[in-house]
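Residue numbers (this note's numbering): 29 to 341.
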């Protein structure tokens, strides 16, 4: 599909909308790019219709459903991908309505696509014990870096599991955000919102060990790379992958898997769902509810595997 023209995007007030998201809602650059890509796809599809007289006020629910049907059938988009684009267009048309470019949003009655019974993957508590256990490490390319990289990598994994933070939140933490006296730290989450999260003593000890060997750096970032700069999301993802392989865990996992593992294990341990919601920085309790579903699935799996009347030859 061809890229929409500059004139087409001006017609759609796309840059005005992106500017509103950046300033009015404080969204991260990466999120803004995703919104921009979604709108480029949207206007790329509808640009040929502009020649036949389609205007902003001419969009209706039937027209939008045509676009989503094309995404599903012709582009094979999954339900989560469709819902992301639906959320983007809901926000976009609501903005156009608020600014007076259209009278009513054609997206107002459109509902999200059902996701079925898919549950995110988590590591078991036994896997997490293996991942966090002390073990021999590979020698670093530069011997002088070996000790501080080992301390950093261990502290990163401890922090993920102790707090359930997102990888984007972890890389944005500065040294001064730590409060060892109260076992808390400040993170900046989605929408640039700050929240305080709790950590346990094991995590605090790992962070103290790391800070004791953290190399001098110009940045105040808690975690720094070999180049003494703030670690990127990609470098942390690679770090977690190395730690998993070093622990002999062959399951596909990522920093977000550790976040899901934190939420699930908290619920399995009897944590109040509202408390888990606040710790994870979820906007809605329905998002946190998924960890109840995962925990219940684990219970069912254990029952089927261990109850003598549930097993078949």
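Glycine residues also receive a C-beta, built at the ideal position from the N, C-alpha and C atoms.
Since we're looking at a predicted model, the values are computed, not measured.
Selection from the options that minimises the alpha carbon distance to residue i
| i | options | result |
| --- | --- | --- |
| residue 152 | 123, 281 and 311 | 281 |
| residue 190 | 291, 139, 178 and 223 | 291 |
| residue 198 | 306, 179, 104 and 258 | 258 |
| residue 187 | 229, 176, 86 and 73 | 229 |
| residue 127 | 185, 63 and 40 | 40 |
| residue 232 | 217, 312, 325 and 206 | 206 |
| residue 154 | 311, 329 and 289 | 289 |
| residue 313 | 307, 301 and 324 | 301 |
| residue 286 | 160, 60, 108 and 324 | 160 |
| residue 295 | 324, 272, 112 and 271 | 324 |
| residue 299 | 279, 311 and 320 | 320 |
| residue 132 | 47, 96 and 87 | 87 |
| residue 122 | 246, 279 and 42 | 42 |
| residue 78 | 162, 222, 38 and 247 | 38 |
| residue 177 | 211, 108 and 255 | 255 |
| residue 266 | 318, 60, 303 and 185 | 185 |
| residue 194 | 208, 174, 210 and 222 | 222 |
| residue 279 | 158, 102 and 50 | 158 |
| residue 112 | 80, 60 and 162 | 60 |
Residue i - DSSP class collapsed to helix/strand/coil
| i | result |
| --- | --- |
| residue 341 | For residue 341, the predicted model reports a pLDDT of 44, less than 50, meaning its position is unreliable; a value from the coordinates is still stated below. Coil, per DSSP. |
| residue 324 | helix |
| residue 258 | strand |
| residue 150 | coil |
| residue 269 | helix |
| residue 141 | coil |
| residue 127 | coil |
| residue 41 | coil |
| residue 132 | coil |
| residue 276 | coil |
| residue 52 | helix |
| residue 105 | coil |
| residue 311 | coil |
| residue 72 | helix |
| residue 282 | coil |
| residue 82 | coil |
| residue 329 | helix |
| residue 47 | helix |
| residue 87 | coil |
| residue 297 | coil |
| residue 161 | coil |
Expected contact under 8 Å - CB spacing of residue i and residue j to nearest Å
| i | j | result |
| --- | --- | --- |
| residue 268 | residue 283 | 5 Å |
| residue 309 | residue 55 | Contact doesn't hold; Cβ gap of about 15 Å is too wide. |
| residue 241 | residue 179 | 5 Å |
| residue 203 | residue 147 | Actually they are not in contact, since the Cβ atoms of residue 203 and residue 147 sit about 36 Å apart, beyond 8 Å. |
| residue 277 | residue 150 | That pair is no contact at about 12 Å. |
| residue 316 | residue 305 | 4 Å |
| residue 120 | residue 82 | Actually they are not in contact, since the Cβ atoms of residue 120 and residue 82 sit about 16 Å apart, beyond 8 Å. |
Proximity of residue i and residue j at Cβ, strictly below 8 Å
| i | j | result |
| --- | --- | --- |
| residue 239 | residue 227 | no |
| residue 92 | residue 117 | yes |
| residue 100 | residue 114 | no |
| residue 75 | residue 134 | no |
| residue 192 | residue 307 | yes |
| residue 253 | residue 263 | yes |
| residue 73 | residue 98 | yes |
| residue 261 | residue 196 | yes |
| residue 130 | residue 200 | no |
| residue 215 | residue 225 | yes |
| residue 137 | residue 271 | no |
| residue 95 | residue 70 | yes |
heavy atom of the ligand ATP below 7 Å from residue i C-beta
| i | result |
| --- | --- |
| residue 76 | Within the structure as shown, the ligand ATP is missing, as the structure has no ligands at all. |
Runs of alpha helix (DSSP H) lying entirely within the stretch 172 to 255, each at least 4 residues, in chain order:
195 to 199 and 229 to 241
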